[in-house]
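Remarks on the structure that follows.
Chains as they are written, first to last, in our numbering: chain A, 25 to 279; chain E, 1385 to 1670.
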């Protein structure tokens, strides 16, 4: 398996600063295509910050600075000539709290398509349906597409947000603790979905939940104090961590 | 035990003060409306609302003043709304905090504190004389528009601030540009708030006398204005004229009260329209 892996994204010597305080230290790692990579570590370890550097979402926070490279499709997405809008079209994101727009279910999913210039009604309808099916929520919403997205339950809202991200057909999906605001049943649905989606997408997921990382991911990266401590195949990392720090964290001795 | 009792007592006193304040404010408001109603309702009739004033304004109606005030109010909205919302978008979405922005903010806040008669003189100097619009609906609308601009900017900024960051992030993460995000997500979500806040400004524009007395309002016009460059009558100015400048101040008292009642009704009507509009937008967004 190892030798067939194609790298989708690489971070090279990535440093990140909020003003003067450094949040990431010299992070270098590859993300394989069509795999789920989990980023784990205690709160404040930089895993979410790292995730948000991959689609340049940190750009919108004033006073932040990046050093190093994120290579995607052989290009550094932080090169001055890169169009950040294009980067985000190809690298989608699902956030910690479900954040549907205050629009109808249909318009919520269609939003990304419309801003990308798709106005044909038939095509819109087809792609919205396809995305909702891919996010395993179609059967629950197909009769209420004109109702407000905010009328859905939290778990449904999060799957709607996944559908919305899928609609513009990104290559990579970043997920920032996508199930942490959800109940166990909704969480289980999201996890099943993640495993299904990796056939078509490269997925990078930040999670606080060790069991979740073990259940859904192929590769796990353990972060601590802004540094990448250990990176490995998930089953190996969880059963035979190489470093004491990793072992302490995954066995719950600190965190 | 003693502490318990004292806490209960202060709680009771605090609540009493708050309740009293609310009661005083509500009472003042209700008293004013009732007073105007009792004194003004007598002259209100279909003819009063639809006829010209006659006999040196001691009889007849106030139709031209109603139309004039509607024009001026609408004009001031058309002037201030786009300018105000655009400024608020710039200040809240684009501008980074710097010296320049602080100066601009200071300017806007100062503008809000400028007495309305100064706006009137400014309008006279700039719109009426310098730009040659004359005393006209155009000059009056521009002057009133500037007067309520700080209110519209303030309301719009508050409304934009209250749009959750999560909406912006969601939109940007889908590959929307900043402008697409503002136009399609942030503005629609902020619109009810923008409307609510701007109502205050509109109410003020409808009731102001000083800014229009040099720039738009006519003592008396026979005709209903048919061009932006015509003068017009206006309700607040009509009240002012009848109550101070006429030769029949006492005889026209009922007309003054009636006009004031109509003015209050008009402002209330504008507010109602905005409230209904806001509710409809909210319902559409769910």
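We treat Cβ as the ideally placed atom computed from N, Cα and C, and that holds for glycine. Keep in mind that this is a model prediction, so the values were computed, not measured.
Using the beta-carbon count (16 or more within 10 Å), is residue i buried or exposed?
{"i": "residue 1401 of chain E", "result": "exposed"}
{"i": "residue 26 of chain A", "result": "At residue 26 of chain A, the pLDDT of 49 sits below 50, so the modelled position is not reliable; the number obtained from the coordinates is stated separately. Looking at its Cβ environment, which holds fewer than 16 other Cβ atoms inside 10 Å, residue 26 of chain A is exposed."}
{"i": "residue 1452 of chain E", "result": "buried"}
{"i": "residue 229 of chain A", "result": "buried"}
{"i": "residue 1597 of chain E", "result": "buried"}
{"i": "residue 181 of chain A", "result": "buried"}
{"i": "residue 283 of chain A", "result": "Any property of residue 283 of chain A remains undetermined from this structure, which presents chain A solely from 25 to 279."}
{"i": "residue 220 of chain A", "result": "exposed"}
{"i": "residue 166 of chain A", "result": "exposed"}
{"i": "residue 113 of chain A", "result": "buried"}
{"i": "residue 122 of chain A", "result": "buried"}
{"i": "residue 170 of chain A", "result": "exposed"}
{"i": "residue 1386 of chain E", "result": "exposed"}
{"i": "residue 1583 of chain E", "result": "buried"}
{"i": "residue 1548 of chain E", "result": "exposed"}
{"i": "residue 200 of chain A", "result": "buried"}
{"i": "residue 1570 of chain E", "result": "buried"}
Run through DSSP, which three-state label would residue i get?
{"i": "residue 1447 of chain E", "result": "helix"}
{"i": "residue 195 of chain A", "result": "coil"}
{"i": "residue 25 of chain A", "result": "Here the model assigns residue 25 of chain A a pLDDT of 44, short of 50, so the residue's position is not dependable, and the following value carries that caveat. Residue 25 of chain A falls in the coil class under three-state DSSP."}
{"i": "residue 53 of chain A", "result": "strand"}
{"i": "residue 1423 of chain E", "result": "helix"}
{"i": "residue 1634 of chain E", "result": "coil"}
{"i": "residue 1440 of chain E", "result": "coil"}
{"i": "residue 1667 of chain E", "result": "helix"}
{"i": "residue 233 of chain A", "result": "coil"}
{"i": "residue 1498 of chain E", "result": "coil"}
{"i": "residue 60 of chain A", "result": "strand"}
{"i": "residue 145 of chain A", "result": "helix"}
{"i": "residue 1520 of chain E", "result": "coil"}
{"i": "residue 117 of chain A", "result": "strand"}
{"i": "residue 270 of chain A", "result": "helix"}
{"i": "residue 256 of chain A", "result": "strand"}
Would the beta-carbon of residue i fall within 9 Å of that of residue j?
{"i": "residue 1671 of chain E", "j": "residue 1607 of chain E", "result": "Shown here, chain E extends from 1385 to 1670; a query on residue 1671 of chain E therefore has no answer."}
{"i": "residue 263 of chain A", "j": "residue 243 of chain A", "result": "no"}
{"i": "residue 78 of chain A", "j": "residue 196 of chain A", "result": "yes"}
{"i": "residue 1493 of chain E", "j": "residue 1534 of chain E", "result": "yes"}
{"i": "residue 1648 of chain E", "j": "residue 1420 of chain E", "result": "yes"}
{"i": "residue 1423 of chain E", "j": "residue 1637 of chain E", "result": "yes"}
{"i": "residue 132 of chain A", "j": "residue 188 of chain A", "result": "yes"}
{"i": "residue 1456 of chain E", "j": "residue 1658 of chain E", "result": "no"}
{"i": "residue 1427 of chain E", "j": "residue 1639 of chain E", "result": "yes"}
{"i": "residue 209 of chain A", "j": "residue 218 of chain A", "result": "no"}
{"i": "residue 190 of chain A", "j": "residue 135 of chain A", "result": "no"}
{"i": "residue 1554 of chain E", "j": "residue 265 of chain A", "result": "no"}
{"i": "residue 231 of chain A", "j": "residue 64 of chain A", "result": "yes"}
{"i": "residue 1578 of chain E", "j": "residue 1477 of chain E", "result": "no"}
{"i": "residue 1609 of chain E", "j": "residue 1521 of chain E", "result": "yes"}
{"i": "residue 1574 of chain E", "j": "residue 1544 of chain E", "result": "yes"}
{"i": "residue 1516 of chain E", "j": "residue 1599 of chain E", "result": "no"}
{"i": "residue 31 of chain A", "j": "residue 62 of chain A", "result": "no"}
{"i": "residue 42 of chain A", "j": "residue 106 of chain A", "result": "no"}
Among the options, which residue has its Cα nearest to the Cα of residue i?
{"i": "residue 111 of chain A", "options": "A:80, A:192, A:92 and A:148", "result": "A:80"}
{"i": "residue 1635 of chain E", "options": "E:1440, E:1431, E:1646 and E:1564", "result": "E:1440"}
{"i": "residue 1594 of chain E", "options": "E:1435, E:1623 and E:1479", "result": "E:1623"}
{"i": "residue 1429 of chain E", "options": "E:1612, E:1643 and E:1470", "result": "E:1643"}
{"i": "residue 1551 of chain E", "options": "E:1580, E:1541, E:1564 and E:1540", "result": "E:1564"}
{"i": "residue 172 of chain A", "options": "A:31, A:126, A:52 and A:34", "result": "A:126"}
{"i": "residue 1496 of chain E", "options": "E:1394, E:1532 and E:1661", "result": "E:1532"}
{"i": "residue 236 of chain A", "options": "A:203, A:248 and A:256", "result": "A:203"}
{"i": "residue 1445 of chain E", "options": "E:1619, E:1556, E:1485 and E:1388", "result": "E:1619"}
{"i": "residue 269 of chain A", "options": "A:103, A:256 and A:246", "result": "A:246"}
{"i": "residue 1530 of chain E", "options": "E:1409, E:1556 and E:1507", "result": "E:1507"}
Taking 9 Å as the CB-CB limit, is residue i close to chain B?
{"i": "residue 117 of chain A", "result": "Absent from the structure is chain B; the protein chains it does hold are A and E."}
Residues in the region 1451-1476 of chain E having any Cβ partner in chain A nearer than 7 Å: Answer in chain order: no residues at all.
Within 9 Å of chain A by C-beta, residues of the region 1540-1554 of chain E in sequence order: Taking 9 Å as the Cβ-Cβ cut-off against chain A, the residues of the region 1540-1554 of chain E that qualify are 1548, 1549, 1550, 1551, 1552, 1553 and 1554.
The region 1646-1659 of chain E: positions lying closer than 7 Å to chain A by Cβ: Within the region 1646-1659 of chain E, contact with chain A at the beta-carbon level (separation under 7 Å) is assigned to no residue.
Near-chain A residues of the region 1555-1569 of chain E (beta-carbon distance less than 8 Å), N- to C-terminal order: Under the 8 Å Cβ criterion, the region 1555-1569 of chain E contributes 1555, 1556, 1557, 1558, 1559, 1560, 1561, 1564, 1568 and 1569.
Residues, ordered as in the chain, of the region 131-145 of chain A that lie near chain E by beta-carbon distance below 7 Å: Residues 135, 136, 139 and 140.
Cβ-based contacts, 7 Å cut-off: residues of the region 1477-1504 of chain E near chain A: Close to chain A, meaning a Cβ-Cβ distance shorter than 7 Å, are the following residues of the region 1477-1504 of chain E: 1480.
Residues within the region 74-85 of chain A neighbouring chain E, beta-carbon criterion of under 8 Å: Flagged, chain order: 79, 81 and 84.
Within 9 Å of chain A by C-beta, residues of the region 1572-1588 of chain E in sequence order: Of all residues in the region 1572-1588 of chain E, 1572 and 1573 have a Cβ within less than 9 Å of some Cβ in chain A.
Residues in the region 182-215 of chain A having any Cβ partner in chain E nearer than 9 Å: Residues passing the 9 Å Cβ filter: 185, 188, 189, 191, 192, 194 and 198.
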